[in-house]
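Asker: Residue numbers (my numbering): 4 to 1053. Heads up, the beta-carbon is just placed ideally off N, CA and C, and yes, glycines get one too. Structure provided below as structure tokens; questions to follow.
Listed below in structure tokens is the structure:
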């Protein structure tokens, strides 16, 4: 045996770690291997495709496949192919380990002929067993006759190739789909110097575009390469031609990593669209210390990858990267990808129990296994050992290889014989003493022992009695599970009754997952309800079938776990707690307070009875045309010349408005409540615009306090002359505290009037867009919510008729009285106009030649005011008067060039109605609940509400926001206690004017304001909830609600 030298491999255990975890000494050892393995002297690199004995089988692979190579001398190094598959160990029919970390095709699965695919429930290692005993290759007549070798050749025959796609924004789809938990193989044309193989040499990035670094395991492929005798000592050394990117990190791999790799059971982030790359693979080809790139991936001769000749690259990168763009898998419901975007998984998950045991001394069986005895610490959990059970001591994992029970040794004494083999690390053994055993739940073998398959961190008498009132409850599975299907009110519930629980029978709590997504913990929001001296029973319910937990690929539990009863420790102090769970199992969950057959929620949502969730309105972009195609504007007289305001070279400040009726919306049509304005347009006179440029131009949006009504009396004079805008600009905003003017366009962006931007509305009106949101990425756009039902300030003061408007009633022939249902000063935001403020700053380079198309509310009077303005111009005597909009607190009007003499000032307000369009989108939707009753005499102290799905499980960029308010007194019999149909879009009880009436709610201190924290309503017997759904404008995805939980101390 030759002496250890610089080209000798280190230990098998460390070799299998991510390169980022390799020690400097091991990196040196990985440069080659020598000294044995039965390979003999190798004169060359071998015949490509040949399967030969590995020179170092103790590393975990007994053979390797020779890849074509240049004996480490290629200049430059070339990247030949990229492909993805599943990383696995390979065993033969006798259980002998043949290969380690081999990437196999997704097509390889259990077929009862050649393969059996299994996943170890503890180490998470995938093993494919070739169902033939190992035999050497035997070619007869050009045909492989070894059944093992034929099957072995199939393992990586169908790796999925990755197309050459760049990271350029101009690159077109489709992109190669890579399952989130797949391994990626990079094959090179030569032998790699693995001492240079670190996480800085091959990089992954994620995002859209992929710019965020992603931490993955980077490891050399033990199973492909060549054997060279570089040191001429007569013994060949192994060198790889392939590098593996493992996108997942198991707890074991993370624990053994010296580079602090984080556990990652999911792998790559999910894609949200099938048409965009969200994963980038980068291989630097240029050293740049400023980018912390001090070395490159190289072959044995030290030659790096070349920037050219290796497919797509990034010339803008300081390190001149060779790149590939791919798309990760996504949720089936979003992208249509199979298996929820993960590798195909035909193995159903199972519940796993972990129990403390005592292990006796171990004796080798001479075949790589050991015989010993064990005893269970908990007598009720004594159970037969199953093949595949895992025994664990710190850092050592062993697998039971033969089933046994208490009587296998002929004695019923609680001592179980056990036959096991160590699966990690190889060469180790278990010591006598404390261990834990992990076993799969079997409904036959473990009948009556179901409680042994859950754990209570705080318990007096395991497995399920004398549980502490604050103890979490833990359940573990055989593989990573989908966290969105382990929820506290649907899939993993704790109830106070065994069957048919109501909304008040659920224990309110949250469920959290371990880093490997295999262990889930239910934590009660408040301690379990308990009376000292009693041993109350609670029930653990793990749903099954289509509504139960699923693994990452969507497989349901293979075996259901029946409900499990546990009891509270009677010696503990009393806990007087209660709660309400809203599960959206139907639109009528509560039958108390005469609530049977009546919904608990109302608003802008869709109820999905199959999935038992509520979802907001879908994201829809649409337009509100404020033009003569609408009934009310159509009867306004046209002012043919048009007006210049607000685009004046001498400066201008304009406030104008559009009402719900001006854009064709009904006052009470909830379809058009909570609509976001994302753009505004104006109509040029005659449809023709003049090119112009304003360096400083600013826009604000908000709700108008005033609701003008231009209807006239018998003398053709306005009925409500004071209903319009005031001349003091600030007085026109409805709520300066809670809804201040919202800046949607900053002056620094200016306004370029480009006639090429002109477009035609579906009504036929030709329009020019204001600069608001023009040319911005979706992520940078601003949105203002008009008819916002979260705003409670009411408007329409002075002589406004309220809403419904008289002009609408007359025009449409409605059979209602003016001001029904909202009288003067009592109009909520759904009836208030959109107020728009434009600030155009004096600009010597501007022309100011555009004329805005307007109509007039009334020819006989300038009132009520539809606009208030201050615009610069030329006064009498030719004096030029600029007007800086920032210095105009009140509307001073403009100058009339056709007056006698020319330049007389105009009114600061008039009834000019601007023709135009608002661009709208359903970004926000709102829902309101009934009033929940915590009980007579209750002074509840609320805990933190539980929202499902959790924020991190919602689609990226979406959100559900809750608000609350409380009451200590609601008039008996009020319908708002049981019927959400009697609640209006603001959550208030409906009135007789807007039926059905909801009753009377008495607010503490007359404060009906919504609170962002439920603790702000502590002490109030009744509480109400508002849910606001916020959708993502980039992806058009929306959040949803599957459950809400509210816990409180009484």
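#1: How big is the Cα-Cα spacing for residue 1042 and residue 798?
#2: Per DSSP, which one or two residues make a beta bridge with residue 85?
#3: Please report the distance separating the alpha-carbon of residue 740 from that of residue 763.
#4: Name the residue from 355, 165, 292 and 78 whose alpha carbon lies nearest to the alpha carbon of residue 307.
#5: Could you give the residue range of the alpha helix (DSSP H) that holds residue 872?
#6: Assess contact between the region 453-466 and the region 355-374, defined as three or more Cβ pairs (one per stretch) separated by less than 8 Å. Is contact present?
#7: Checking 7 Å against the spacing of the C-beta atoms, do residue 299 and residue 244 come in under that value?
#8: Where do the N-terminal and C-terminal ends of the alpha helix (DSSP H) with residue 811 fall, by residue?
#9: Of all the options 732, 1003 and 309, which has the alpha carbon lying nearest to the alpha carbon of residue 286?
#10: Could you check what DSSP says for residue 256 in three-state terms: helix, strand or coil?
#11: Just mark residue 206 as buried or exposed, buried being the case when its beta carbon has 16 or more other beta carbons within 10 Å.
#12: Which ranges does the beta strand (DSSP E) cover as unbroken runs of at least 3 residues, wholly within the region 595-635, from first to last along the chain?
#13: So, at 6 Å on beta carbons, what are the nonlocal neighbours of residue 395 in its own chain, with the 5 sequence-adjacent residues on each side left out?
#14: What's the call for residue 1009, buried or exposed, on a 16-neighbour Cβ count within 10 Å?
#15: Quick check on the burial criterion: 16 or more other C-beta atoms within 10 angstroms. Buried or exposed for residue 554?
#16: Helix, strand or coil for residue 137 per DSSP?
#17: Compute the beta-carbon to beta-carbon distance between residue 420 and residue 376, rounded to the nearest angstrom, for a pair I have assumed lies under 8 Å.
#18: Quick one: give me the first and last residue of the alpha helix (DSSP H) that residue 156 is part of.
#19: I'd like to confirm the pairing. Which residues does DSSP put opposite residue 229 in its beta bridges?
#20: In or out: residue 836 buried (at least 16 other Cβ within 10 Å) or exposed?
#21: Give the secondary structure of residue 66 by DSSP, where H, G and I count as helix, E and B as strand, and everything else as coil.
#22: How close, in whole Å, do the beta carbons of residue 304 and residue 75 come, if the pair is a contact with beta carbons under 8 Å?
#23: Under a Cβ-count criterion, where at least 16 other Cβ atoms within 10 Å of its own Cβ denotes burial, should residue 975 be classed as buried or exposed?
#24: So, with DSSP's three-state summary, where would you put residue 376?
#25: Among the candidates 487, 927, 593 and 684, whose CA atom is the shortest distance from the CA of residue 550?
#26: Looking only at C-alpha atoms, which of 1017, 744 and 1036 sits nearest to residue 1052?
#27: Within 10 Å of its beta-carbon, does residue 494 have 16 or more other beta-carbons around it, so buried, or fewer, so exposed?
#28: Going by CA-CA distance only, name the one from 960, 635 and 1014 that's closest to residue 968.
#29: Which term fits residue 751, buried or exposed, when burial requires 16 or more other beta carbons within 10 angstroms of its beta carbon?
#30: Roughly how many whole angstroms lie between the Cα atoms of residue 753 and residue 697?
#31: In angstroms with no decimal places, state the Cα-to-Cα distance between residue 868 and residue 652.
#32: Compute the Euclidean distance between the alpha carbons of residue 32 and residue 88, then round it to the nearest angstrom.
#33: Along the beta strand (DSSP E) that carries residue 440, what are the first and last residues, could you check?
#34: I need the straight-line Cα distance from residue 324 to residue 295, nearest angstrom please.
#35: Taking only three categories from DSSP, how would you classify residue 732?
#36: Identify, in the order they occur along the chain, each residue of the same chain with its Cβ nearer than 7 Å to the Cβ of residue 86, setting aside the five sequence neighbours on each side.
Answerer: Considering the structure as presented:
#1: 32 Å
#2: 189
#3: 38 Å
#4: 78
#5: Unbroken run through residue 872 is the beta strand (DSSP E), 870-874; no alpha helix (DSSP H).
#6: yes
#7: no
#8: 809-815
#9: 309
#10: helix
#11: buried
#12: 604-606, 608-611, 616-619 and 624-629
#13: 439
#14: exposed
#15: buried
#16: coil
#17: 6 Å
#18: 150-157
#19: 242
#20: buried
#21: strand
#22: 6 Å
#23: exposed
#24: strand
#25: 487
#26: 1017
#27: buried
#28: 1014
#29: exposed
#30: 6 Å
#31: 24 Å
#32: Confidence at residue 32 is low in this model, with a pLDDT of 37, below 50, so the placement of that residue is unreliable and no value is reported for it.
#33: 436-443
#34: 14 Å
#35: helix
#36: 162, 163, 164, 165 and 188
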